[in-house]
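Encoded as structure tokens, the structure appears first; notes follow it.
Chains as they are written, first to last, in UniProt numbering: chain A, 1 to 461; chain B, 1 to 369.
Put into structure tokens, the structure is as follows:
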């Protein structure tokens with residue numbers, strides 16, 4: 001849903017640009033800049049626009065960033081000259097951020113695009129202004145006949161089970177929609193339509209960026225993406241089709257972002273200002289971080305399938321631990337934490353899948369690094385306990401209260417909600433993997449006494 | 001933990017002799033990037049490309065060069081194979097340096113192709129930065145959609161062609177999939193022959209087989225590409241057709257040009273402008289990009305009302321960083337004070353036919369200031 005922008009505030013100047021009246025908000029902004037009623041407009045960007053309008057004598061609009069006390073605010077300003085002066089309309093009033101934040105709407109749009117069979121675009125009157133060219137040839141319509149025509153000439157819309165038309169609701173609220181069933185005119189094929197609204201800087205609707213996805217005969221009647229299906233755990237299961245779509249939508253673009261950002265950072269095509277190279281490094285790191293989250297979600301989807309299986313191999317847990325520690329060396333150095341891994345002559349034979357065991361240990365050791373203060377040690381000990389092979393990861397972090405010790409293994413749980421470093425899935429996935437291999441992950445800890453995470457697998461002689 | 005060994009030399013090996021030979025062979029002119037770095041440093045800021053333009057234009061250039069050279073190379077190799085010149089075909093197919101060879105050749109720089117790509121990229125970027133504004137009446141269709149509804153068949157079909165070309169270009173921009181089809185016939189002609197020549201020079205490694213066969217295959221392949229070229233689908237061509245079909249004059253033309261900018265169709269705007277001035281599209285575009293004052297005086301020469309001049313000048317200044325909106329606002333009254341005839345006279349030298357102008361220069365005549 002688009003946020004409804006607050007109503008515009010108004011002001012007036014005379015023909016010399018002197019402010020003669022202003023709504024409170026503008027008056028306040030102006031005063032902060034050192035001005036007042038009866039004096040020239042003091043907010044520099046507003047004053048510039050006022051001067052322009054007085055000379056050009058036409059309606060002008062512009063997005064500006066103005067200082068509002070300690071912070072900056074984004075405003076959309078419309079200035080209209082008349083015989084006695086200028087009318088100003090100011091709307092928007094959004095906090096200005098140095099880096100544009102990707103709007104949810106844009107992200108949704110990217111998902112829809114990655115998943116679509118073809119794309120379409122309309123203007124505010126729902127006339128088609130762009131259409132994927134190959135789509136016509138492929139799905140039996142003439143794209144040229146449809147450009148500039150109403151959307152309904154391409155799609156015959158159907159109502160859903162509740163008798164609603166998602167597209168109409170979206171039109172009324174200028175929000176996004178998906179799951180609108182439609183039939184391609186002139187053929188029997190059905191599609192799901194989804195779209196995101198385009199708006200101008202004041203929030204007014206200027207059209208839809210849409211996607212169309214053919215409805216498979218086999219999945220006819222199935223819920224479109226976004227609706228959770230029941231799986232083994234009705235409350236929190238992730239729909240596996242959604243997971244697959246997510247992976248497809250995210251991996252490609254993320255891979256490209258990381259590759260391109262890395263190549264910018266390495267300045268392989270020529271010298272670059274250092275700040276640009278640094279920005280590129282930030283972009284690459286953020287991309288890797290996101291890819292890590294995607295991989296967590298993909299793992300989650302895999303391990304929750306009924307047919308999830310692990311290989312049964314002979315592994316040496318001490319060796320796996322050494323490898324995991326090695327993978328995290330750089331991160332540990334960066335955090336000024338030392339990892340004391342099992343010595344090379346130590347071994348701990350067990351049964352499990354090497355790749356998955358490595359994944360569990362990277363998670364446990366990574367958590368330990370993240371939660372350890374600078375200068376701390378992390379001990380990794382290999383022990384045999386009866387018929388179990390135990391790998392213990394002990395840290396000197398803040399420790400975990402007993403009440404929380406069960407919670408941390410649940411999905412999407414994080415003790416520190418301000419910690420955006422992970423997806424909240426790590427321990428859940430680690431335990432599921434361990435259990436799938438016939439072992440477990442448990443914790444032994446108390447606040448102020450660090451934590452010991454114990455990864456067990458069936459022992460091997 | 002020891003990972004597997006990684007070859008950090010990208011698989012290329014250099015022997016000591018080769019290394020010494022490379023070091024000894026550096027010519028004075030190779031220093032400072034062959035003079036390029038010195039030239040770059042001395043450029044005025046106004047003359048330099050900003051990063052975004054450079055990135056877009058470079059991507060387009062690379063895309064067109066590789067698409068064209070692959071097309072010509074692969075077809076020529078096929079022809080060679082069918083004529084029993086398997087070795088030559090193989091050598092040709094393995095050659096991928098045509099684009100690089102062209103980029104480094106002085107002749108390539110001067111032949112107008114790069115200028116065309118650069119200008120089209122610059123204009124597209126300005127178009128992308130035009131202010132976005134919702135129409136006053138949300139139920140009113142956008143400009144091109146309205147024109148599609150026109151009862152005039154020529155207008156309607158040209159408007160459809162514009163929307164179609166735009167869809168295509170946008171989809172391609174996302175994937176950098178530009179091809180020669182985006183170039184006009186004359187530029188494409190020059191490009192194809194340059195590419196064929198580059199393939200000849202690079203692909204021939206003095207093999208035992210017949211170099212004449214290579215020439216013939218490349219020529220045939222080049223001719224095939226030329227014959228298949230259809231410039232009608234270009235956005236610029238559709239815009240020119242639409243401008244022609246609309247045949248707008250006076251107030252109607254002024255309103256259309258403003259509407260084109262409001263609908264962020266800068267190519268259509270330029271085409272309408274070009275037609276009104278009786279100047280080829282390319283030259284109009286180049287003048288728009290090079291010379292801020294040209295726009296003001298030319299709009300005056302078309303006898304547009306002050307509000308239209310102001311509106312167009314403002315929209316373009318917001319979108320084009322090289323334009324100074326303050327300067328425009330300060331001078332608008334001066335421009336409006338010019339008589340229409342004076343304005344026409346002022347821009348007349350800019351509007352000479354390229355062929356005529358080039359011939360004058362060739363015969364030693366000076367261009368009028």
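The beta carbon of each residue, even a glycine, is placed where N, CA and C say it ideally should be.
Quick check on residue i: buried or exposed, where buried means 16 or more other Cβ atoms within 10 Å of its Cβ?
i              : result
residue 276(A) : exposed
residue 164(B) : buried
residue 120(B) : buried
residue 363(B) : exposed
residue 168(A) : exposed
residue 359(A) : buried
residue 37(B)  : exposed
residue 13(A)  : buried
residue 9(A)   : buried
residue 65(A)  : exposed
residue 447(A) : exposed
residue 330(B) : exposed
residue 106(B) : exposed
residue 55(B)  : exposed
residue 124(A) : buried
residue 221(B) : buried
residue 37(A)  : exposed
Pop quiz: residue i and residue j are said to be a contact at Cβ under 8 Å. What is the actual Cβ separation, rounded to whole angstroms?
i              : j              : result
residue 210(A) : residue 194(A) : 7 Å
residue 279(B) : residue 351(B) : 5 Å
residue 265(A) : residue 286(A) : So it is not a contact: roughly 12 Å between Cβ atoms.
residue 328(A) : residue 365(A) : 5 Å
residue 197(A) : residue 213(A) : Actually they do not touch by this definition, with Cβ atoms about 19 Å apart.
residue 287(B) : residue 300(B) : Incorrect: roughly 14 Å between the Cβ atoms, too far for contact.
residue 347(B) : residue 294(B) : 7 Å
residue 59(A)  : residue 74(A)  : Wrong, their Cβ atoms sit about 20 Å apart, outside the cutoff.
Name the chain B residues that come within less than 7 Å of residue i, Cβ to Cβ?
i              : result
residue 206(A) : 132, 134
residue 60(A)  : 314
Give the straight-line distance between the Cα atoms of residue i and residue j, rounded to the nearest whole angstrom.
i              : j              : result
residue 213(B) : residue 85(B)  : 8 Å
residue 258(B) : residue 136(B) : 15 Å
residue 95(B)  : residue 255(A) : 29 Å
residue 346(A) : residue 17(B)  : 48 Å
residue 126(B) : residue 97(B)  : 33 Å
residue 115(A) : residue 157(B) : 32 Å
residue 181(B) : residue 229(B) : 6 Å
residue 99(B)  : residue 190(B) : 14 Å
residue 303(B) : residue 16(A)  : 29 Å
residue 144(A) : residue 167(B) : 11 Å
residue 151(B) : residue 271(B) : 22 Å
residue 179(B) : residue 32(B)  : 33 Å
residue 386(A) : residue 289(A) : 39 Å
residue 158(A) : residue 139(A) : 19 Å
residue 337(B) : residue 227(B) : 52 Å
residue 207(A) : residue 179(A) : 18 Å
residue 135(A) : residue 169(B) : 15 Å
Applying a beta-carbon distance threshold of less than 8 Å, which residues of chain B neighbour residue i?
i             : result
residue 57(A) : 306, 307, 310
residue 52(A) : 314, 325, 326, 329
Quick one: which chain B residues come within Cβ less than 9 Å of residue i?
i              : result
residue 144(A) : 157, 160, 161, 163, 164
residue 282(A) : Result: empty, since nearest Cβ-Cβ is about 17 Å, beyond 9 Å.
residue 473(A) : Shown here, chain A extends from 1 to 461; a query on residue 473(A) therefore has no answer.
residue 201(A) : 131, 132, 133
Residues of chain A with a CB under 9 Å from the CB of residue i: which are they?
i              : result
residue 148(B) : 127, 147, 148, 149
residue 245(B) : Under the 9 Å cutoff, chain A gives no residues; its nearest Cβ is about 14 Å from residue 245(B).
residue 291(B) : Here the premise fails: no neighbours, minimum Cβ distance about 20 Å.
residue 144(B) : 123, 127, 129, 147, 148
Show which residues of chain A have a CB atom less than 7 Å away from the CB atom of residue i.
i              : result
residue 170(B) : 130
residue 332(B) : 55, 56
residue 140(B) : 125
For residue i, return the contacting residues in chain A, with the cut-off set at a CB-CB distance below 8 Å.
i              : result
residue 121(B) : Going along chain A, no residue has its Cβ under 8 Å from residue 121(B), so there is no contact; the nearest lies around 17 Å.
Using a Cβ-Cβ cut-off of 9 Å, state whether residue i counts as contacting chain E.
i              : result
residue 276(A) : The structure shown contains no chain E; its protein chains are A and B.
Against chain B, which members of the region 113-129 of chain A pass a CB distance test of less than 7 Å? 123, 124, 125, 127, 129
Got a sec: which bits of the region 65-85 of chain B sit with their beta carbon under 9 Å from any beta carbon on chain A, in order along the chain? Per Cβ criterion, the list is empty.
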